[in-house]
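In full-length UniProt numbering, the protein residues as written are 1 to 398. A virtual CB, placed ideally from N, CA and C, is assigned to each residue, including glycine.
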Amino acid sequence: MKNINVGLIGGGFMGKAHSLAYAAVPMFFWPSKVMPVKHTLAEFTDAMAADAATRFGFENSTSDWKSIIDNPDIDLVDIATPNNSHAEIAIAALAAGKHVICEKPLARTVEEAAAMYEAARKSNSVNMVAFNYRRTPAVALAKKYIEDGSIGKIINFRATYLQDWSADPNSPLSWRFQKSVAGSGAVGDILTHVLDLARYLVDEVTAVSAMTNHIITERPLQQSGSDSLGNSKGGSDAPKGAVDVEDEVLSLIKFANGAIGSVEATRNAWGRNNFITLEIHGTEGSIAFNYENRDQLEVCFKSDEGDRRGFRTVYTGPNHPNGAALWPIPALGIGYGETKIIEAHDLFTAIAGGEPVRPDFGDGYQVALIDDAILRSAESGQWVKVPQLDRATGKVSA
Ligand code: NAI
Ligand code: SOE
Numbered sequence: 001m002k003n004i005n006v007g008l009i010g011g012g013f014m015g016k017a018h019s020l021a022y023a024a025v026p027m028f029f030w031p032s033k034v035m036p037v038k039h040t041l042a043e044f045t046d047a048m049a050a051d052a053a054t055r056f057g058f059e060n061s062t063s064d065w066k067s068i069i070d071n072p073d074i075d076l077v078d079i080a081t082p083n084n085s086h087a088e089i090a091i092a093a094l095a096a097g098k099h100v101i102c103e104k105p106l107a108r109t110v111e112e113a114a115a116m117y118e119a120a121r122k123s124n125s126v127n128m129v130a131f132n133y134r135r136t137p138a139v140a141l142a143k144k145y146i147e148d149g150s151i152g153k154i155i156n157f158r159a160t161y162l163q164d165w166s167a168d169p170n171s172p173l174s175w176r177f178q179k180s181v182a183g184s185g186a187v188g189d190i191l192t193h194v195l196d197l198a199r200y201l202v203d204e205v206t207a208v209s210a211m212t213n214h215i216i217t218e219r220p221l222q223q224s225g226s227d228s229l230g231n232s233k234g235g236s237d238a239p240k241g242a243v244d245v246e247d248e249v250l251s252l253i254k255f256a257n258g259a260i261g262s263v264e265a266t267r268n269a270w271g272r273n274n275f276i277t278l279e280i281h282g283t284e285g286s287i288a289f290n291y292e293n294r295d296q297l298e299v300c301f302k303s304d305e306g307d308r309r310g311f312r313t314v315y316t317g318p319n320h321p322n323g324a325a326l327w328p329i330p331a332l333g334i335g336y337g338e339t340k341i342i343e344a345h346d347l348f349t350a351i352a353g354g355e356p357v358r359p360d361f362g363d364g365y366q367v368a369l370i371d372d373a374i375l376r377s378a379e380s381g382q383w384v385k386v387p388q389l390d391r392a393t394g395k396v397s398a
């Protein structure tokens, strides 16, 4: 068994989730050809790095992420920083021959995503973008039903991603509200997850017609480095800074296979927490999913007798995708952590020379092309064609 030394950059929310996955992956997926080793953690300052390294179980810490790139002992660079550093770190890591996992969105802009994809094409390393919701067992089960024809030809895909952590105008101005750091608002932050699911479950998105809304234009400045995700209150008299990204987005979408649909996202929907919902209708049945009940998939099959046709609930468990590795009976509860453990397992399988891993930087780039088309459509009020990446040539259609 080979050790894979991990260099993690960023010790916030995702630093925690990825560290949990590195510790847990051998407990769930065993035997394994590789063993993750939490080698070095980078944060802004020496003190922050040492603190996070102790907490997350890393052997070393540094305030200079470039020392991770320069360290020949490190095999995998994990980018868990805000979006403005993804491109610089990923391109340097790939040039140094490291495997890379980068948090979503891949980049702030299409141009940055293109450069990251180009760097990945030039390297022989494994690259992955962390759209982990597709690794929820119920979502993977939906894919299985779609692929085996259980709901027939897909006609419609309706999806939402609704949260409320920023609905209060007095919740702080996190980096997620600053275009220079985040790139965009609800589009890059959360709609990207739904767009990844649309591509995973249905097909390529070919055209969009979108609207965005910018509701809260300033917020109290946030003091700490890591994002408080609305949990600290600035108070109405605290110094304020400008919000220069969209709060909400809605888009109609067309798919390459002829299906149509809608996607929407907001972080200002009181009462909705991590409300990722999918409603997929096919010629032979329907699938519905709500991440707030994430170990359940609702399915309805036309082939059921008329007097009992209707949605039934399947609780994912050992009989379902990745279920045998998780818990021995259904309904014990599958959490966010499990999606990250499965993600890490699939990444390490690819590093060990097994199945290539998706979503990769090509997928992250294609999602960035859709994000960009959505923002352009919202600006112009017109339908916008989504340029398509040809993975064989690396070129993008006009
Ligand atoms: P966060 O603000 O909680 O943590 C980011 C950490 O990176 C902070 O502690 C900050 O000090 C550190 N950092 C920033 N620049 C750095 C640098 N140059 N060197 C070293 N450390 C640096 O942010 P969070 O929520 O962890 O988000 C990080 C990334 O993960 C973002 O791209 C975000 O979009 C993505 N994300 C993905 C999620 C998913 O479900 N896949 C969930 C949450 C975030
Ligand atoms: C905040 O909206 C956030 O942390 C996003 O950045 C993540 O991508 C999402 O999975 C959870 O919510």
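Quick one: give me the first and last residue of the beta strand (DSSP E) that residue i is part of.
i, result
"His-99", "99 to 102"
"Leu-220", "First, the amino acid is wrong: residue 220 is Pro here, not Leu. Note, Pro-220: beta strand (DSSP E), 218 to 220."
"Ser-209", "205 to 213"
"Thr-40", "34 to 42"
"Ser-329", "According to the sequence displayed, residue 329 carries Ile and not Ser. Counting along the chain, Ile-329 falls outside any beta strand (DSSP E), and DSSP gives it neither H nor E."
"Val-181", "Premise fails: Val-181 lies in the alpha helix (DSSP H), 179 to 182, not in any beta strand (DSSP E)."
By the 10 Å Cβ neighbour count, where 16 or more other Cβ atoms means buried, how is residue i classified, buried or exposed?
i, result
"Thr-217", "exposed"
"Arg-108", "buried"
"Ile-370", "buried"
"Ser-180", "exposed"
"Phe-56", "buried"
"Met-116", "buried"
"Pro-328", "exposed"
"Trp-65", "buried"
"Lys-144", "exposed"
"Ala-21", "buried"
"Asp-196", "buried"
Going by DSSP, which residues form a beta bridge with residue i?
i, result
"Tyr-161", "Ala-265, Ile-276"
"Thr-54", "DSSP, once it has assigned bridges, lists no residue as partnering Thr-54."
"residue 402", "Beyond the ends of the chain as shown, which are 1 and 398, falls residue 402; an answer cannot be given."
"Thr-313", "Glu-298"
"Ile-4", "Pro-36"
"Met-128", "Ile-101"
"Thr-62", "Ala-42"
"Val-396", "Leu-389"
"Ile-9", "Ala-42, Ile-79"
"Val-249", "Thr-212, Ala-265"
"Asn-290", "Thr-277"
Assuming residue i is part of the alpha helix (DSSP H), what are its boundary residues?
i, result
"Ile-69", "65 to 70"
"His-345", "336 to 351"
"Leu-201", "192 to 201"
"Arg-376", "361 to 380"
"Val-245", "Unbroken run through Val-245: none, as it is neither H nor E."
"Ile-91", "86 to 95"
"Leu-229", "Run containing Leu-229: none; DSSP gives neither H nor E here."
"Ala-119", "110 to 122"
Under the criterion of a Cβ to heavy atom distance below 8 Å, does residue i qualify as lining the ligand NAI?
i, result
"Tyr-133", "yes"
"Gly-15", "yes"
"Ile-91", "no"
"Pro-82", "yes"
"Asp-78", "no"
"Phe-44", "yes"
"Ile-9", "yes"
"Pro-105", "yes"
"Met-48", "yes"
"His-345", "no"
"Trp-65", "yes"
"His-39", "no"
Following a CB-centred definition, is residue i positioned closer than 8 Å to any heavy atom of the ligand SOE?
i, result
"Asp-189", "yes"
"Trp-165", "yes"
"Arg-219", "no"
"His-193", "yes"
"Arg-176", "yes"
"Leu-229", "yes"
"Asn-274", "yes"
Compare the beta carbon distance of residue i and residue j with 9 Å and say whether it is the shorter of the two.
i, j, result
"Ile-79", "Val-194", "no"
"residue 399", "Ala-52", "A question about residue 399 goes unanswered here, because the residues of the chain that appear run from 1 up to 398."
"His-18", "Lys-340", "yes"
"Leu-252", "Ala-210", "yes"
"Met-128", "Pro-321", "no"
"Ala-259", "Val-202", "yes"
"Val-85", "Ile-190", "Note that residue 85 corresponds to Ser in the displayed sequence, not to Val. No, they are not a contact pair."
"Val-205", "Phe-255", "yes"
"Asn-257", "Ile-89", "no"
"Leu-347", "His-99", "yes"
"Ala-324", "Leu-162", "no"
"Arg-267", "Ser-166", "yes"
"Glu-248", "Asn-213", "yes"
"Ile-151", "Ile-342", "no"
"Arg-219", "Gly-241", "yes"
Should residue i be counted as a contact of the ligand PLP given a C-beta to heavy atom distance under 8 Å?
i, result
"Arg-267", "Looking for the ligand PLP in the displayed structure turns up nothing; the ligands present are the ligand NAI and the ligand SOE."
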